[in-house]
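Report on the structure given below.
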Amino acid sequence: DAKTTQPNSMESNEEEPVHLPCNHSTISGTDYIHWYRQLPSQGPEYVIHGLTSNVNNRMASLAIAEDRKSSTLILHRATLRDAAVYYCILRDRYSGAGSYQLTFGKGTKLSVIP
Amino acid sequence: DTGVSQDPRHKITKRGQNVTFRCDPISEHNRLYWYRQTLGQGPEFLTYFQNEAQLEKSRLLSDRFSAERPKGSFSTLEIQRTEQGDSAMYLCASSWGDSPQETQYFGPGTRLLVL
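Protein chains in written order, with the working numbering: chain A, 11 to 124; chain B, 311 to 425.
Next comes the structure, spelled out in structure tokens:
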């Protein structure tokens, strides 16, 4: 999987929007962009994924740059329960050796201030 | 469906002892993954199964590590002759389908401390 770059940490005030950036300048045309998050003392959980178009679900929105070299995970109203480490992960759309596992970086640790 | 479960949640052992962890995936999920996570790092892939077949192993999985998934249901991860460097969180995940885009559902992990 191609490499991603995320800030080590970010802070947000409760009930405000949060924009978590991810750079993936070497992304290939067949890579999907996935986001997972890991709450304290828990396993990671899926948040959202997309290929080219922006995506929305009940948890978050994913904004993908036109050249696909960066993306932003948007939490529309941060709550204390959103405090977690957020991981941006690229996954090739085609199967093959090494294609099924997730390759995690260090992620961004989001702190939410009450 | 109660999600992925792992047992035990915590394990303290002495160097040189053998330990075994169990993972119960979401029923009907055909793929099962093991990851290891050390403090301050993201999880690292160890191995994965499709049904009962172990299809990939990371170079992190030394000869002291062995994983099984008999009958394609639960899985066990055994570490023989534990070393202090084995101290980590061991995470299990499962998924359903044939696409690399399938969502992986993680368990709460087993935290291992080797003294």
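Beta carbons are placed, not taken as given, at the ideal position from N, Cα and C, and that holds for glycine.
Outcome for residue i when other beta-carbon atoms lying within 10 angstroms are tallied against a minimum of 16
{"i": "A/Ile123", "result": "exposed"}
{"i": "A/Val35", "result": "One detail in the question is off: residue 35 of chain A reads as Ser in this sequence, not Val. Exposed: under 16 other Cβ atoms inside 10 Å."}
{"i": "B/Leu349", "result": "exposed"}
{"i": "A/Tyr104", "result": "exposed"}
{"i": "B/His339", "result": "buried"}
{"i": "A/Thr62", "result": "exposed"}
{"i": "A/Pro50", "result": "exposed"}
{"i": "A/Arg47", "result": "buried"}
{"i": "A/Ala75", "result": "exposed"}
{"i": "B/Gln394", "result": "exposed"}
{"i": "A/Ser22", "result": "buried"}
Which of helix, strand or coil DSSP assigns to residue i
{"i": "A/Arg68", "result": "coil"}
{"i": "A/Asp102", "result": "strand"}
{"i": "A/Arg87", "result": "coil"}
{"i": "A/Asp92", "result": "helix"}
{"i": "A/Tyr126", "result": "Residue numbering for chain A in the displayed model covers 11 to 124; residue 126 of chain A lies beyond these limits and cannot be assessed."}
{"i": "B/Ser368", "result": "coil"}
{"i": "A/Lys116", "result": "coil"}
{"i": "A/Asn23", "result": "strand"}
{"i": "B/Leu423", "result": "strand"}
{"i": "B/Asp373", "result": "coil"}
{"i": "A/Gln48", "result": "strand"}
Cβ distance (whole Å) where residue i is taken to contact residue j below 8 Å
{"i": "B/Gln360", "j": "B/Arg341", "result": "6 Å"}
{"i": "B/Trp262", "j": "B/Ala377", "result": "Shown here, chain B extends from 311 to 425; a query on residue 262 of chain B therefore has no answer."}
{"i": "A/Leu85", "j": "A/Val28", "result": "4 Å"}
{"i": "A/Pro54", "j": "B/Pro353", "result": "7 Å"}
{"i": "A/Tyr42", "j": "A/Arg78", "result": "Rounded, the Cβ-Cβ distance is 10 Å, inconsistent with contact."}
{"i": "B/Gln316", "j": "B/Pro380", "result": "Not a contact, Cβ separation roughly 17 Å."}
{"i": "B/Gln390", "j": "B/Arg374", "result": "5 Å"}
{"i": "A/Ile58", "j": "A/Trp45", "result": "5 Å"}
Identity of the residues DSSP links to residue i by a beta bridge
{"i": "A/Pro31", "result": "A/Thr82"}
{"i": "B/Ser315", "result": "B/Asp334"}
{"i": "A/Ala137", "result": "Only positions 11 to 124 of chain A appear in this structure, which leaves residue 137 of chain A out of reach."}
Practice task
Ignoring anything shorter than 3 residues or poking outside the region 319 to 356 of chain B, list the beta strand (DSSP E) runs there in chain order.
Solution key: 320 to 323, 329 to 334, 341 to 347
Problem - Completely contained beta strand (DSSP E) runs for the region 375 to 411 of chain B, where each covers 3 or more residues - result: 375 to 378, 385 to 389, 398 to 405
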